[in-house]
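Engineer:
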Amino acid sequence: MRAVTWHGRADVRVDTVPDPTIQDPTDVVIEVTSSGICGSDLHLIEVMAPFMSVGDVMGHEPMGVVREVGSAVTAVKPGDRVVVPFNISCGTCWMCSQGLQSQCETTQNRDQGFGASLFGYTKLYGQVPGGQAEYLRVPFGNTLPIKVPAGLPDDRFVYLSDVLPTAWQAVQYAATPPGGTLLVLGLGPIGDMCTRIAHHLGIDKVYASDVVPERLARASARGTNVIRSTDRKEVLQAIQDATDGRGADAVIDAVGMEAHGSPLASLAQKATAIVPDAIMEKVMQVAGVDRLAALNTAIDTVRRGGTISLSGVYGGATDPLPLMRMFDKQIQLRMGQANVWRWVPDILPLLTEGDPLGVDDFATHRVPLEQAPEAYANFREKKDGAVKVLLQP
Ligand SMILES: NC(=O)c1ccc[n+]([C@@H]2O[C@H](COP(=O)([O-])OP(=O)(O)OC[C@H]3O[C@@H](n4cnc5c(N)ncnc54)[C@H](O)[C@@H]3O)[C@@H](O)[C@H]2O)c1
Ligand SMILES: [Zn+2]
Ligand SMILES: [Zn+2]
Numbered sequence: 001m002r003a004v005t006w007h008g009r010a011d012v013r014v015d016t017v018p019d020p021t022i023q024d025p026t027d028v029v030i031e032v033t034s035s036g037i038c039g040s041d042l043h044l045i046e047v048m049a050p051f052m053s054v055g056d057v058m059g060h061e062p063m064g065v066v067r068e069v070g071s072a073v074t075a076v077k078p079g080d081r082v083v084v085p086f087n088i089s090c091g092t093c094w095m096c097s098q099g100l101q102s103q104c105e106t107t108q109n110r111d112q113g114f115g116a117s118l119f120g121y122t123k124l125y126g127q128v129p130g131g132q133a134e135y136l137r138v139p140f141g142n143t144l145p146i147k148v149p150a151g152l153p154d155d156r157f158v159y160l161s162d163v164l165p166t167a168w169q170a171v172q173y174a175a176t177p178p179g180g181t182l183l184v185l186g187l188g189p190i191g192d193m194c195t196r197i198a199h200h201l202g203i204d205k206v207y208a209s210d211v212v213p214e215r216l217a218r219a220s221a222r223g224t225n226v227i228r229s230t231d232r233k234e235v236l237q238a239i240q241d242a243t244d245g246r247g248a249d250a251v252i253d254a255v256g257m258e259a260h261g262s263p264l265a266s267l268a269q270k271a272t273a274i275v276p277d278a279i280m281e282k283v284m285q286v287a288g289v290d291r292l293a294a295l296n297t298a299i300d301t302v303r304r305g306g307t308i309s310l311s312g313v314y315g316g317a318t319d320p321l322p323l324m325r326m327f328d329k330q331i332q333l334r335m336g337q338a339n340v341w342r343w344v345p346d347i348l349p350l351l352t353e354g355d356p357l358g359v360d361d362f363a364t365h366r367v368p369l370e371q372a373p374e375a376y377a378n379f380r381e382k383k384d385g386a387v388k389v390l391l392q393p
């Protein structure tokens, strides 16, 4: 089959790789019909590169049609339409039963000291072949795939794999009080979806910061107050002006480790390109290489006693944080990979009964798998209006 494969920094290609097969009686194999490119994929071709290997199949936001099922699979059958969550979770362990699927005890990567495996991700998370491919092997066929109805376009459901539950969790963790103000940092697909969900859930005042004009325009069109800057002082001023100088009740960081405006860490991240992987892997496990600009903006702009919700991914082991300031401000901090299945029952009705979150026209680009290298480049460089790209094998 054809698949998007990792070859190095800023280098993905489309290669022919072996077709996936049923390996366990509970496996299913799906034919992928749509597969998103995510901000997390960009980390793999930059900062997290030391933890990748040439030929790894990328992608963790797939949906498609079941083609083959193992002998013990009863929940889905060939021909069923399914979305595949980005966390690989068993659905039956203690963590899964708590709604903490990203910490699944069956797939936790204990040898690495990391949580549940993810599709198409680093060796820290199991190095499992991903879904930017024609076919995908999906384990836990009775509990992992999300069955969705036929008759509506893929766009309606594909974001259940990641964007929707990630943004939903970010908004829930932010816990904006009634009448309160929420600030979302970053208007990539995740930040954009956070603002949509916030409006849908009736959060009164929603602000968002970014500098990419088309991303700001999308958020502004749906009623978000946009701050056309990512400069810490400017964002702080804007949010103070909006809140009697107090700060936002809740701030979502939807940016993560590659924020603009962190020159030193930016150098450290570039070093990952020159220093041999074996050394850099060790350095990353003991040092701070994250660009913390967005997180620092969150710490400044949240009000005393407010909440910061991190959905942006960080990868540094010892990032410096202003703990005295965080303690003094009495900040509550919540974070983590989204627990996809935890939120599916809340989200699915919003996809089958109308389209209140605007998923039908959320994608800016739908391109054949073979065009993945150009699509990655455009998404990475924020060129050609690329906000959300769906690959269609
Ligand atoms: N927690 C999870 O489960 C989960 C799931 C999916 C994605 N993510 C993470 O969420 C983050 C966003 O993903 P995305 O797909 O929207 O990516 P993206 O890269 O398209 O979006 C990031 C946006 O942040 C903006 N930005 C950069 N620096 C900023 C700053 N200092 N202040 C404000 N905005 C700034 C950029 O201009 C860009 O528009 C990534 O870190 C990704 O890895 C986490
Ligand atoms: Zn993703
Ligand atoms: Zn589990």
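So that you can map any letter, position 337 of the sequence shown is 337 in the UniProt record's numbering, and since no number is skipped, the others follow by simple counting.
All residues carry an ideal CB built from backbone N, CA and C; glycine is no exception.
Does DSSP classify Val-73 as helix, strand or coil?
Structural biologist: Residue state, collapsed to three classes: coil.
Engineer: Nearest CA to the CA of Leu-390: which residue from Val-367, Pro-349, Phe-327 and Lys-382?
Structural biologist: Of the candidates Val-367, Pro-349, Phe-327 and Lys-382, the one whose C-alpha sits nearest the C-alpha of Leu-390 is Val-367.
Engineer: Does the beta-carbon distance from Leu-118 to Phe-157 come in below 8 Å?
Structural biologist: Going by C-beta atoms, Leu-118 is not nearer than 8 Å to Phe-157.
Engineer: Are there 16 or more other CB atoms within 10 angstroms of the CB of Arg-325, so buried, or fewer, so exposed?
Structural biologist: Its Cβ having fewer than 16 others within 10 Å, Arg-325 is exposed.
Engineer: Using three-state DSSP, classify Ile-347 as helix, strand or coil.
Structural biologist: Three-state result, Ile-347: helix.
Engineer: May I ask whether a heavy atom of ligand 2 can be found less than 7 Å away from the beta carbon of Phe-119?
Structural biologist: No, ligand 2 has no heavy atom inside 7 Å of this Cβ.
Engineer: Unbroken alpha helix (DSSP H) runs of length 4 or more, entirely within the UniProt domain "Alcohol dehydrogenase-like N-terminal" (25-146): which are they?
Structural biologist: For the UniProt domain "Alcohol dehydrogenase-like N-terminal" (25-146), whole alpha helix (DSSP H) runs of length 4 or above, ordered along the chain, are 39-44 and 94-97.
Engineer: Within the structure, which residues are defined as neighbours of ligand 2 by a Cβ-heavy atom distance below 6 Å, reported in chain order?
Structural biologist: Here the residues come out as Cys-38, Ser-40, His-60, Glu-61, Phe-86 and Asp-162.
Engineer: Tell me the rounded alpha-carbon separation between Pro-20 and Gly-245.
Structural biologist: So the alpha carbons of these two residues sit roughly 56 Å apart.
Engineer: For my contact list, Asp-24 and Pro-139 are in at a C-beta cut-off of 8 Å; report their separation, rounded to the angstrom.
Structural biologist: About 6 Å; that satisfies the 8 Å criterion.
Engineer: Output the distance between the C-alpha atoms of Leu-357 and Tyr-159, rounded to the nearest integer angstrom.
Structural biologist: Whole-angstrom Cα-Cα distance: 11 Å.
Engineer: Looking at the strands, I want to know which residues DSSP matches up with His-260.
Structural biologist: Partner(s): none; His-260 has no beta bridge.
Engineer: What did DSSP end up calling Gly-191 once you bin it into helix, strand or coil?
Structural biologist: Residue state, collapsed to three classes: helix.
Engineer: If you draw a straight line from the C-alpha of Leu-136 to the C-alpha of Val-4, how long is it?
Structural biologist: Answer to the nearest angstrom: the Cα atoms are 12 Å apart.
Engineer: Tell me the DSSP bridge mates of Thr-16?
Structural biologist: Paired residue(s): Arg-2.
Engineer: Which word fits Gln-98, buried or exposed, when buried means at least 16 other C-beta atoms lie within 10 angstroms of its C-beta?
Structural biologist: Exposed: under 16 other Cβ atoms inside 10 Å.
Engineer: Which of the three DSSP states is assigned to Val-302 in this structure?
Structural biologist: In this structure, Val-302 counts as strand in the three-state DSSP scheme.
Engineer: With a cut-off of 8 Å on the beta carbons, I'd call Pro-145 and Val-84 a contact; round off their distance for me.
Structural biologist: That pair is a contact at about 6 Å.
Engineer: Closer than 7 Å to a non-hydrogen atom of ligand 3 - does that hold for the CB of Gly-91?
Structural biologist: True, at least one ligand heavy atom lies under 7 Å from that Cβ.
Engineer: Using DSSP with H/G/I as helix, E/B as strand and the rest coil, what is Asp-155?
Structural biologist: If DSSP states are grouped into helix, strand and coil, Asp-155 belongs with the helices.
Engineer: Do the CB positions of Ala-170 and Ala-254 come within less than 8 Å of each other?
Structural biologist: Against a cut-off of 8 Å, the Cβ pair of Ala-254 and Ala-170 comes out as a contact.
Engineer: Taking 7 Å as the cut-off, is the beta-carbon of Ile-197 closer than that to any non-hydrogen atom of ligand 1?
Structural biologist: Incorrect: Ile-197 has no Cβ contact closer than 7 Å to ligand 1.
Engineer: Taking the alpha carbon of Ile-22 as the point to measure from, which residue in Ser-71, Val-184, Arg-215 and Asp-11 has its own alpha carbon closest?
Structural biologist: When each option's Cα is compared against that of Ile-22, the closest is Ser-71.
Engineer: Is it the case that the Cβ atoms of Leu-187 and Ala-219 are separated by a distance below 8 Å?
Structural biologist: Yes, the pair counts as a contact, with Cβ atoms nearer than the cut-off.
Engineer: Ligand 4 and Met-1: does any heavy atom of the ligand fall closer than 7 Å to the residue's C-beta?
Structural biologist: Here the bound small molecules are ligand 1, ligand 2 and ligand 3; ligand 4 is not part of this structure.
Engineer: Can you name the start and end residues of the beta strand (DSSP E) that Tyr-314 belongs to?
Structural biologist: Looking at the DSSP string, Tyr-314 is not in any beta strand (DSSP E), and its letter there is neither H nor E.
Engineer: Determine the direct distance from the alpha carbon of Trp-341 to that of Gln-127, and round the result to whole angstroms.
Structural biologist: So the alpha carbons of these two residues sit roughly 21 Å apart.
Engineer: Taking only three categories from DSSP, how would you classify Pro-165?
Structural biologist: Reduced to three states, the DSSP call for Pro-165 is helix.
Engineer: Which two residues bound the contiguous beta strand (DSSP E) that contains Asp-253?
Structural biologist: Run containing Asp-253: 248-253, per the beta strand (DSSP E) assignment.
Engineer: Assuming contact is defined by CB atoms lying nearer than 8 Å, are Thr-307 and Pro-149 in contact in what I supplied?
Structural biologist: No.
Engineer: The beta strand (DSSP E) spanning Lys-205 covers which residue range?
Structural biologist: That run of the beta strand (DSSP E) goes 205-209.
Engineer: Going by beta carbon distance, what residues of the same chain come within less than 6 Å of Gly-179, once the five residues before and after it are set aside?
Structural biologist: Correct list, in chain order: Asp-204.
Engineer: Exposed or buried, what is Arg-304 when buried is set at 16 or more other beta-carbons lying within 10 Å of its beta-carbon?
Structural biologist: That one is exposed.
Engineer: Are the beta-carbon atoms of Ala-49 and Gly-8 separated by less than 8 Å?
Structural biologist: Yes, Cβ-Cβ distance for Ala-49 and Gly-8 is below 8 Å.
Engineer: Where does Leu-201 fall in DSSP's three states?
Structural biologist: Looking at Leu-201 - three-state DSSP - the assignment turns out to be coil, as it is neither helix nor strand.
Engineer: To which residues of the same chain is Gly-312 closer than 6 Å at the C-beta, ignoring the five residues directly before and after it?
Structural biologist: Excluding sequence neighbours, Gly-312 sits near Asp-253, Ala-254, Val-255 and Gly-256.
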